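Take any residue in the sequence shown, note its place counting from 1, add 125, and you have its number in the working numbering.
Glycine residues also receive a C-beta, built at the ideal position from the N, C-alpha and C atoms.
Remember, it's a predicted structure, so these values are computed and weren't measured experimentally.
Read through the structure below, which is laid out as structure tokens, and then see the notes.
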Amino acid sequence: MTDPIPTPATPIDILQVGPYPAWDEERLNAHFTMHRYFEAANKAAFLAERGANIRGIATRGELGASRVMIEALPKLEVISVYGVGYDAVDLVAAKERGIRVTNTPDVLTKDVADLGVAMMLAQARGMIGGEAWVKSGNWASQGLYPLKSRVHGKRVGILGLGRIGYEVARRLVGFDMQIAYSDTGPKDFASDWRFIADPVALAAESDFLFVTLAASAATRHIVGREVIAALGPEGMLINISRASNIDEEALLDALETKALGSAALDVFEGEPKLNPRFLALDNVLLQPHMASGTVETRKAMGKLVFDNLSAHFAGQPLPTPVL
Ligand code: 8YV
126 MTDPIPTPAT PIDILQVGPY PAWDEERLNA HFTMHRYFEA ANKAAFLAER
176 GANIRGIATR GELGASRVMI EALPKLEVIS VYGVGYDAVD LVAAKERGIR
226 VTNTPDVLTK DVADLGVAMM LAQARGMIGG EAWVKSGNWA SQGLYPLKSR
276 VHGKRVGILG LGRIGYEVAR RLVGFDMQIA YSDTGPKDFA SDWRFIADPV
326 ALAAESDFLF VTLAASAATR HIVGREVIAA LGPEGMLINI SRASNIDEEA
376 LLDALETKAL GSAALDVFEG EPKLNPRFLA LDNVLLQPHM ASGTVETRKA
426 MGKLVFDNLS AHFAGQPLPT PVL
């Protein structure tokens, strides 16, 4: 495959905030001078030493770009995010300087929805425990695995009916689920599904609550103690968005006391170092932020990160701009 945009005569300096798969690193290294920030022991010294000539940032959804980083790069023009979520980029700092920001929407939507649905099924039907039952010999020594509760036909709430929420809902139609959603307003394309504006009311009407909201300061802890209490001891919370959408302390309290039935989570505050309280729970399914993690999708995301940087430095329109 040949890239449409030629290698610049003068290599352009890019700050690489986190690692990418080898195929992406090869392409980026072939076209730009990449500065591997994530390998630096002293981040501040690294920025002070190399920041003067850096014109672009290549980052990942969960790593973003902070104000401190942006301000350390006087020639910064563009931030290319590998991920649809750009909540970790300080957009105010970027806007102040007219720095462009891009993300990787659409290409990951269906994989994220797939994993969310898989997490719901795996947790509800006890599949991880079921495998342990087989491998430990319990099946042979103790007999049948404990019964679990049904998924199909139950009530599901989708908190945030954007691209990912829509794909989750579409899949759950196939499970005959009763679908309701909360968003800033009812959506024309969702007339078959019930709109419930208030997240607490949505949770009260749900057996399964999916969190599929784009995170921002406005959505921080939108799933708080009240929403969790409304979901209740039979309810399951599934988060494939960002940890900041959930009050994690409230979630842990509710899971420990069984005030909430269970949770299936792909994202955590401070990940990958999650709160150790999660590790002691028997009513959670924990995933390592991998909802977009298929080879096909990650290749498409990596290409978009590169295409956005290339387009910017070639003076062409950005394929997927945020700012
Ligand atoms: C991550 C994501 O970016 O799309 C997002 O917003 O959180 C993910 O796709 C991914 O883990 C790569 O870092």
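(1) Which whole-angstrom value describes the C-beta separation of residue 195 and residue 226, a residue pair presumed to lie in contact below a C-beta threshold of 8 Å?
(2) Can you check DSSP and say which residues form a bridge with residue 390?
(3) Could you pull the start and end residues of the beta strand (DSSP E) that residue 170 belongs to?
(4) Let me know if residue 307 comes out buried or exposed under the rule of 16 or more other beta-carbons within 10 Å of its beta-carbon.
(5) Leaving out five residues before and five after residue 126 in sequence, what residues of the same chain have Cβ atoms less than 8 Å from its Cβ?
(6) Using 8 Å as the cut-off, can you tell me whether the stretch 411–429 makes contact with the stretch 234–244, which would need three or more C-beta pairs spanning the two stretches below that distance?
(7) As a quick exercise: from 408, 207, 443, pick the residue whose alpha carbon is nearest that of residue 254.
(8) Looking only at C-alpha atoms, which of 188, 425, 383 sits nearest to residue 392?
(9) Residue 394: which of 386, 139, 338, 366 sits nearest, CA to CA?
(10) Below 8 Å between beta carbons: does that hold for residue 335 and residue 282?
(11) Buried or exposed for residue 140, going by 16 or more other Cβ atoms inside 10 Å?
(12) Shortest alpha-carbon distance to residue 137 belongs to which of 266, 155, 273?
(13) In angstroms with no decimal places, state the Cα-to-Cα distance between residue 142 and residue 435.
(14) Of the residues 426, 384, 172, which one's Cα is nearest the Cα of residue 353?
(15) What residues in its chain sit with their C-beta under 6 Å from that of residue 222, if we drop five residues either side in the sequence?
(16) The ligand 8YV heavy atoms versus the CB of residue 187: any closer than 7 Å?
(17) For residue 423 and residue 432, what's the separation of their Cα atoms in angstroms?
(18) Leaving out five residues before and five after residue 301 in sequence, what residues of the same chain have Cβ atoms less than 6 Å from its Cβ?
(19) Using a Cβ-Cβ cut-off of 6 Å (strictly less than) and excluding sequence neighbours within five positions of residue 345, which residues of its own chain qualify?
(20) Is residue 353 helix, strand or coil by DSSP?
(21) Inspect the beta-carbon positions of residue 265 and residue 286 and report whether they are closer than 8 Å.
(22) Taking residue 333 as the reference, give the member of 235, 213, 355, 322 with the closest Cα.
(23) Would residue 228 be called buried (16 or more neighbouring beta carbons within 10 Å of its own) or exposed?
Walking through what the data contain:
(1) About 10 Å separates the two Cβ atoms, so there is no contact after all.
(2) In the DSSP output, where bridge partners are listed per residue, residue 390 has 364, 411.
(3) Membership of residue 170 in any beta strand (DSSP E) is not indicated; the residue belongs instead to the alpha helix (DSSP H) covering 168–175.
(4) It is buried - the Cβ of residue 307 has at least 16 other Cβ atoms within 10 Å.
(5) Residue confidence for residue 126 is low, a pLDDT of 46 falling below 50, so the modelled location carries little weight; the figure read from the coordinates is stated next. Nothing listed; no residue qualifies.
(6) Segments in contact, yes.
(7) Answer by Cα proximity: 408.
(8) Of 188, 425, 383, the residue nearest in Cα terms is 188.
(9) Per the Cα distances, 366.
(10) Cβ distance < 8 Å, so residue 335 and residue 282 count as in contact.
(11) Under this definition residue 140 is a buried residue.
(12) Looking from the CA of residue 137, the closest CA among 266, 155, 273 belongs to 155.
(13) Distance from the CA of residue 142 to the CA of residue 435, rounded to the nearest whole angstrom, comes to 18 Å.
(14) Closest option to residue 353, Cα to Cα, is 384.
(15) None.
(16) True, at least one ligand heavy atom lies under 7 Å from that Cβ.
(17) Computed Cα separation, rounded: 14 Å.
(18) Cβ neighbours of residue 301 beyond the five flanking positions: 277, 278.
(19) Listed in chain order, the non-local C-beta contacts of residue 345 below 6 Å within the same chain comprise 369, local neighbours out to five positions each way being set aside.
(20) DSSP places residue 353 in helix when its eight states are reduced to three.
(21) Against a cut-off of 8 Å, the Cβ pair of residue 286 and residue 265 comes out as no contact.
(22) Cα-wise, what sits closest to residue 333 is 355.
(23) The residue in question, residue 228, is buried, as its Cβ has 16 or more Cβ neighbours within 10 Å.
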